[in-house]
Amino acid sequence: MDLLDAMLNKSPKEKFLEIIQNGNLGALEKTFENFFAEYVAMIELLEKQGLNENDLKNFILENSELIEQRQNDIFIELGAKILGHEG
16 MDLLDAMLNK SPKEKFLEII QNGNLGALEK TFENFFAEYV AMIELLEKQG
66 LNENDLKNFI LENSELIEQR QNDIFIELGA KILGHEG
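The sequence shown begins at 16 in our numbering and counts up one residue at a time.
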């Protein structure tokens with residue numbers, strides 16, 4: 016099995032974990048700084064809308080398939096950003 020076959024047989028999460036294990040530290044730092052800034056902004060916006068941690072947890076429980084799909088999208092997006100910063 017060549018490298019391409021190996022990559023195609025992995026889940027987005029597995030590929031992402033491989034990227035962060037082998038990624039450039041500067042690229043990882045920049046990508047995660049941006050990701051956490053977006054996360055904090057989203058939490059602040061939710062709180063301004065009167066939503067709290069329990070609302071968030073309930074949404075996750077009630078929408079597990081959507082959450083899993085979006086997680087895969089985020090794994091792919093962050094992996095691409097890390098690799099893009101390295102290039």
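Note that CB positions come from ideal geometry on N, CA and C, so glycine has one too.
Using a 10 Å radius around the Cβ and a threshold of 16 neighbouring Cβ atoms, would you call F90 buried or exposed? The count along the sequence shown starts at 1 and reaches residue 90 at position 75. Under this definition F90 is a buried residue.
Is it buried or exposed, F31, if we count other Cβ atoms within 10 angstroms and call 16 or more buried? To locate residue 31, count along the sequence shown from 1; it is residue 16. So F31 counts as buried.
Please report the straight-line C-alpha distance between G102 and A42, rounded to a whole angstrom. Taking the first residue of the sequence shown as position 1, residue 102 is located at position 87. Taking the first residue of the sequence shown as position 1, residue 42 is located at position 27. Summary for G102: the model assigns pLDDT 49, below 50, so the residue's position carries little reliability; its value from the coordinates is reported in the next sentence. Their Cα atoms are separated by approximately 9 Å.
Given a threshold of 16 other Cβ atoms within 10 Å of its Cβ, counted over all protein chains shown, does L60 qualify as buried or as exposed? As a first step, residue 60 must be located in the sequence shown, where it is residue number 45. It is exposed - the Cβ of L60 has fewer than 16 other Cβ atoms within 10 Å.
Are the CB atoms of K28 and N78 within a distance shorter than 9 Å? Position 63 of the sequence shown holds residue 78. Position 13 of the sequence shown holds residue 28. Contact annotation: N78 and K28 have beta-carbon atoms that are not nearer than 9 Å.
Hey, quick one: how far does the alpha helix (DSSP H) through L32 stretch, first residue to last? Indexing the sequence shown from 1 puts residue 32 at position 17. Residues P27 to N37.
Nearest-angstrom Cα distance between I82 and I75? Within the sequence shown, residue 82 is the residue found at index 67, counting from 1. Within the sequence shown, residue 75 is the residue found at index 60, counting from 1. Between the alpha carbons of I82 and I75 lies a distance of about 7 Å.
N24 to E33, Cα distance in whole Å? Translated into positions along the sequence shown, residue 24 becomes position 9. Translated into positions along the sequence shown, residue 33 becomes position 18. In this structure, the straight-line span from the alpha carbon of N24 to that of E33 is close to 13 Å.
Considering just the uninterrupted stretch of the alpha helix (DSSP H) at N73, what are its terminal residues? As a first step, residue 73 is located in the sequence shown; it is residue number 58 there, counting from the start. Here the alpha helix (DSSP H) through N73 covers E68 to E77.
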